[in-house]
Structures are given as structure tokens and as C-alpha cells.
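Protein chains: 2
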Amino acid sequence: MKLYQGIGPNSYRVRIFMAEKGITLPMVNIDFFKGEHRAPDFLKLNSLGQIPVLELDDGTIITESVAICRYLEETHPEPPLFGTGAVSRAKVEMWNRRAELVIFATIGNVPLHSEEFFKDRLTQFPAFAETERQAVPKKWAWLDRELADGRPFLAGENFSIADITAGVCGWLGEAFGMEIPGTLENVKRWNERVRSRPSWNA
Amino acid sequence: MKLYQGIGPNSYRVRIFMAEKGITLPMVNIDFFKGEHRAPDFLKLNSLGQIPVLELDDGTIITESVAICRYLEETHPEPPLFGTGAVSRAKVEMWNRRAELVIFATIGNVPLHSEEFFKDRLTQFPAFAETERQAVPKKWAWLDRELADGRPFLAGENFSIADITAGVCGWLGEAFGMEIPGTLENVKRWNERVRSRPSWNA
Numbered sequence: 001m002k003l004y005q006g007i008g009p010n011s012y013r014v015r016i017f018m019a020e021k022g023i024t025l026p027m028v029n030i031d032f033f034k035g036e037h038r039a040p041d042f043l044k045l046n047s048l049g050q051i052p053v054l055e056l057d058d059g060t061i062i063t064e065s066v067a068i069c070r071y072l073e074e075t076h077p078e079p080p081l082f083g084t085g086a087v088s089r090a091k092v093e094m095w096n097r098r099a100e101l102v103i104f105a106t107i108g109n110v111p112l113h114s115e116e117f118f119k120d121r122l123t124q125f126p127a128f129a130e131t132e133r134q135a136v137p138k139k140w141a142w143l144d145r146e147l148a149d150g151r152p153f154l155a156g157e158n159f160s161i162a163d164i165t166a167g168v169c170g171w172l173g174e175a176f177g178m179e180i181p182g183t184l185e186n187v188k189r190w191n192e193r194v195r196s197r198p199s200w201n202a
Numbered sequence: 001m002k003l004y005q006g007i008g009p010n011s012y013r014v015r016i017f018m019a020e021k022g023i024t025l026p027m028v029n030i031d032f033f034k035g036e037h038r039a040p041d042f043l044k045l046n047s048l049g050q051i052p053v054l055e056l057d058d059g060t061i062i063t064e065s066v067a068i069c070r071y072l073e074e075t076h077p078e079p080p081l082f083g084t085g086a087v088s089r090a091k092v093e094m095w096n097r098r099a100e101l102v103i104f105a106t107i108g109n110v111p112l113h114s115e116e117f118f119k120d121r122l123t124q125f126p127a128f129a130e131t132e133r134q135a136v137p138k139k140w141a142w143l144d145r146e147l148a149d150g151r152p153f154l155a156g157e158n159f160s161i162a163d164i165t166a167g168v169c170g171w172l173g174e175a176f177g178m179e180i181p182g183t184l185e186n187v188k189r190w191n192e193r194v195r196s197r198p199s200w201n202a
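Here the protein sequences line up with chains Z and C, keeping their order. One point on numbering: in the UniProt record's numbering, the residue at position 96 of the first sequence is 96, and numbering is uninterrupted. One point on numbering: in the UniProt record's numbering, the residue at position 47 of the second sequence is 47, and numbering is uninterrupted.
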């Protein structure tokens with residue numbers, strides 16, 4: 001089994017997830033800047049030209065960071081990062097998706113529609129990037145209101161993949177000049193709690 | 001337990017999922033055109049003002065269509081629609097996400113950035129809607145190549161939530177003048193196979 005990965009938020013999500021579970025895997029670094037994600041051999045693994053990709057020993061390919069994490073959860077159940085029991089699993093799914101759809105997508109659109117690097121990947125609309133950039137603080141403010149009940153983690157009492165996703169949103173935003181607004185006390189406390197975990201060095 | 005739902009692809013996904021499992025639930029219709037998703041009482045259930053929302057008997061709220069489906073899978077395991085075993089579950093997750101991120105997001109951006117109805121929800125970029133509209137056939141063509149191995153369903157031998165998501169993409173595209181290109185034989189066969197299931201009347 002080996003993991004093809006590199007820079008960027010999605011590989012980072014998987015590395016943090018693995019660190020939380022104490023999983024180590026052989027890794028193959030895919031260098032975007034050298035175009036290795038567009039090499040024919042890599043496109044045979046993932047026709048979308050994206051990392052991360054998990055290759056199992058029998059050649060089975062799993063793409064999409066959350067699908068890779070799901071596989072690792074099934075094969076290494078402890079500590080559970082997708083919840084335990086029907087309500088908890090649904091809440092983790094709900095919060096992981098809210099983090100992705102509300103915050104990650106908004107932050108991600110900024111570099112996607114403004115950075116030189118993505119120019120050949122899509123038709124960029126810099127004005128769209130700008131409205132998304134302006135929307136980011138509102139998204140964090142929404143999360144701050146949601147965390148006003150004082151719970152320690154997004155999906156409740158336990159750290160989960162939803163905290164990894166949302167924490168990586170904070171990290172990604174900072175990389176492109178979009179800090180979490182300092183006035184949002186609940187998000188600030190949650191962000192410090194999550195991102196001080198040793199797994200964040202992964 | 002009751003389901004707040006209405007028109008739109010995400011409520012439809014949950015209704016199809018329930019029909020596949022033979023689940024019936026009391027439903028509360030939320031009428032977008034009357035602004036019921038913005039009513040204070042509804043915003044207490046889902047601060048994002050989105051449907052569907054599942055309310056459990058103890059008042060627990062689950063939002064996000066896939067999280068609702070995950071809850072129903074846990075409480076009604078048969079027939080399994082999220083896969084069985086580590087590899088199968090990862091493949092279903094992978095294909096559900098590919099359907100969402102590659103096809104659903106592209107189709108969804110078209111009405112979101114061009115329809116009058118969404119004007120107060122975001123800053124619209126009609127030129128972005130147009131590039132997304134033009135990209136849709138390429139996304140289906142990608143899926144057609146992926147299905148060239150002749151497997152009956154997206155994640156393999158068994159029907160899953162990934163087929164519901166991608167099938168609803170076909171339905172949504174048609175609603176906004178983006179038919180699946182008739183030349184894509186593999187997608188065409190898959191689409192007919194999936195959308196002829198009785199659950200599609202849900």
C-alpha cells in the first residue's frame with residue numbers, strides 16, 4: 001500500500017488523519033510544479049490528475065481524500081474519527097460537509113480563480129475570486145455562532161475528520177492572506193485546540 | 001422523526017435513497033418560492049437555510065443530504081447503499097464525491113450564477129455560469145471513459161448512493177437545458193439502468 005501525495009490541502013488532510021491514528025505508509029511525492037500530476041503514468045492512477053491517491057497492494061486505487069480516510073478508518077478503527085453509532089456518524093458527516101461546502105469551497109475559489117498556477121486548469125474569473133475572498137470572514141462568523149454552545153469540537157465532544165477539514169481551511173486561508181478574524185472567540189478557541197495537536201505537523 | 005424537504009436535487013437524493021430502502025417518514029414541505037427556508041423557525045433547525053433536514057424524535061438535527069442518508073444507512077442497513085467492507089465503502093465514498101465534485105458542482109453553478117431565483121443568495125457571474133455550462137459535456141465524457149470497463153454502477157457491481165448522486169446530476173442538468181450528450185454510450189446505458197429504477201419516482 002502506498003500514498004501518492006504532495007503539497008496542498010487534500011494531501012495534508014490525509015496526513016493529519018494518519019497521524020491521529022498513528023498510521024505510517026510509504027509515500028510517493030507528486031510535484032505539481034513539475035507537472036507530475038499530469039504525467040501519463042499518474043493519470044492512469046487518477047484520470048482527474050489530482051492527489052492524494054491511495055494504491056492498495058492488489059492495485060486497487062482509492063482517490064478523494066475523504067474516501068482514503070474512510071478506508072483507513074475501516075482498516076484502523078481506533079481512535080474513531082468518523083464517529084461511533086448512527087447519530088455520531090451522521091453528525092461527523094454533516095460537519096465535515098458543512099466545513100467543505102461552506103468554508104473550504106469559498107476559500108478554495110480564491111486561489112483557483114486568481115492564481116497564475118491554476119490558469120490552465122479552468123477559465124478564471126478574478127472578480128468571482130474577490131467576492132469569495134470577501135465572503136470568507138462571514139463564513140467563519142457563521143461557524144463562530146454555531147460553536148457558541150461551547151462544545152470542544154465541530155461534531156460534539158470528540159475530535160473528528162470534520163475538525164481536520166475545518167482546521168485545514170484555516171491553514172489554507174492563511175496561505176492566501178485570509179486569516180480567521182481575531183474577534184471570533186469561539187472559532188479562535190476551537191482553532192487553537194485543534195491546530196495545537198501534534199498531528200498538525202504531518 | 002421527520003424530514004423537512006422540498007424541490008431541488010438534495011431533497012430528491014434523500015427521497016430516492018429512502019425509496020431504495022423502503023423507508024417512509026413524515027415529511028414537512030419547505031416551499032422555497034414562499035421563502036419558507038428563510039423563516040426564523042426553520043433557521044433554528046438549519047442556520048444555513050437549506051433543505052433537507054432530518055429531525056429525530058429527541059430533537060437532534062441532521063442536515064446535509066449525505067449525512068441524512070448516512071444516518072438512515074446506519075439505522076436501516078439493508079440494502080447497503082454505502083458499500084460493505086473497507087474497499088467497497090471507500091469506493092462508494094470516492095465515486096459519490098467524484099459525482100459531486102466533478103459533475104454536480106459544475107451543473108449546479110449554472111443556475112446558481114444565472115437564475116433570477118438565486119440573485120439574493122450570492123453575487124452572480126453569468127459569464128462563469130456560461131463556462132460551466134460549456135464544461136458539462138466534458139464532465140460526462142470523462143465519466144463515459146471511466147465506465148468503459150462495462151461495470152453496471154459507478155462504484156462497481158452494486159447500486160449505491162454514488163449512482164443516486166450522479167443520476168440526480170442528469171436530472172438536474174435536464175431541468176436547465178443540459179442533456180447528457182447522446183453519443184456517450186456508456187453513460188447512456190448507465191443512466192437508463194439507474195433512472196429506470198422505481199425509486200426515481202420518489
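We put the beta carbon where it would ideally sit given N, CA and C, even for glycine.
Would you kindly report the start and end of the unbroken alpha helix (DSSP H) that includes residue i?
i	result
C:Q134	126-146
C:I107	105-112
C:E192	185-195
C:W95	86-98
List, in order along the chain, the chain Z residues whose C-beta lies closer than 7 Å to that of residue i?
i	result
residue 210 of chain C	Since the first and last residues shown for chain C are 1 and 202, residue 210 of chain C lies out of range.
C:M94	I62, T63, E64, A67
In this structure, what does DSSP give as the bridge partners for residue i?
i	result
C:Q50	Bridge partners of C:Q50: none, in fact.
Z:F176	The partner list for Z:F176 (beta bridge, DSSP) is empty, contrary to what the question assumes.
C:F153	C:G156
I want to verify the contact list: residues of chain C whose CB lies under 7 Å from the CB of residue i, in sequence order.
i	result
Z:R97	E64, V66, A67
Z:A155	Correct list: empty, because the minimum Cβ distance to chain C is about 10 Å.
Z:F128	F125, F128
Z:A86	Y71, E74, T75
Under 7 Å between beta-carbons, which chain B residues line up against residue i? List them in chain order, please.
i	result
Z:S160	This model lacks chain B altogether, as its protein chains are Z and C.
In chain Z, which residues lie less than 9 Å from residue i when you measure between Cβ atoms?
i	result
C:E148	Glu is not the amino acid found at residue 148 of chain C; the sequence shown has Ala there. Neighbours of C:A148 on chain Z: none; closest Cβ ~11 Å, over 9 Å.
C:R145	S47
C:A39	Simply none; closest approach about 18 Å.
residue 235 of chain C	As displayed, chain C neither begins before 1 nor continues past 202, which places residue 235 of chain C out of reach and without an answer.
Kindly list, in the order they appear in chain Z, the residues whose Cβ is closer than 8 Å to that of residue i.
i	result
C:T106	Per Cβ cutoff of 8 Å: no residues; C:T106 is ~10 Å from chain Z at best.
C:R89	R70, Y71, E74
By the criterion of Cβ-Cβ separation under 9 Å, what are the contact partners of residue i in chain C?
i	result
Z:T165	Ordered by position in chain C, no residue passes the 9 Å Cβ test against Z:T165, which lies about 13 Å from the chain.
Taking 6 Å as the cut-off, is the CB of residue i close to at least one heavy atom of the ligand NAD?
i	result
C:A202	Here there are no bound small molecules, and the ligand NAD is not part of this structure.
Check your understanding: Fully enclosed by the UniProt domain "GST N-terminal" (1-80) of chain C, which beta strand (DSSP E) runs are 3 residues long or longer?
Key -> Listed in chain order, the complete beta strand (DSSP E) runs (minimum 3 residues) inside the UniProt domain "GST N-terminal" (1-80) of chain C are 2-5, 27-29, 53-55, 61-63.
**Study point:** the region 9-28 of chain Z / the region 75-89 of chain Z touching (three or more Cβ pairs under 8 Å)
**Key:** Output reads yes: the region 75-89 of chain Z touches the region 9-28 of chain Z.
Exercise for review: Answer yes if the region 111-131 of chain Z comes into contact with the region 140-156 of chain Z, meaning at least three C-beta pairs across the two stretches below 8 Å, and no otherwise.
Suggested key: The region 140-156 of chain Z is not in contact with the region 111-131 of chain Z.
Exercise for review: Would you check if there are 3 or more beta carbon pairs closer than 8 Å linking the region 23-34 of chain C to the region 175-188 of chain Z?
Suggested key: Touching, no.
Exercise for review: Inspect the CB distances between the region 60-70 of chain C and the region 127-141 of chain C and report whether three or more fall short of 8 Å.
Suggested key: Between the region 60-70 of chain C and the region 127-141 of chain C there are fewer than three inter-stretch CB-CB distances shorter than 8 Å, so the stretches are not counted as touching.
Review point. Quick one: any contact between the region 63-76 of chain C and the region 91-108 of chain Z, if contact means 3 or more CB pairs under 8 Å?
Key: Segments in contact, yes.
Exercise for review: Report yes or no: do three or more beta-carbon pairs, one from the region 1-11 of chain C and one from the region 45-60 of chain C, lie closer than 8 Å?
Suggested key: Short answer: they touch.
Review point. At a cut of 8 Å, does the region 115-132 of chain C reach the region 188-195 of chain C through at least three beta carbon pairs?
Key: With a cut-off of 8 Å on Cβ pairs, the region 115-132 of chain C is not in contact with the region 188-195 of chain C, counting fewer than three such pairs.
Check your understanding: Using 8 Å as the Cβ pair cut-off and three pairs as the minimum, do the region 192-202 of chain Z and the region 154-173 of chain Z touch?
Key -> Yes, since at least three Cβ pairs between the region 192-202 of chain Z and the region 154-173 of chain Z fall closer than 8 Å, the two stretches touch.
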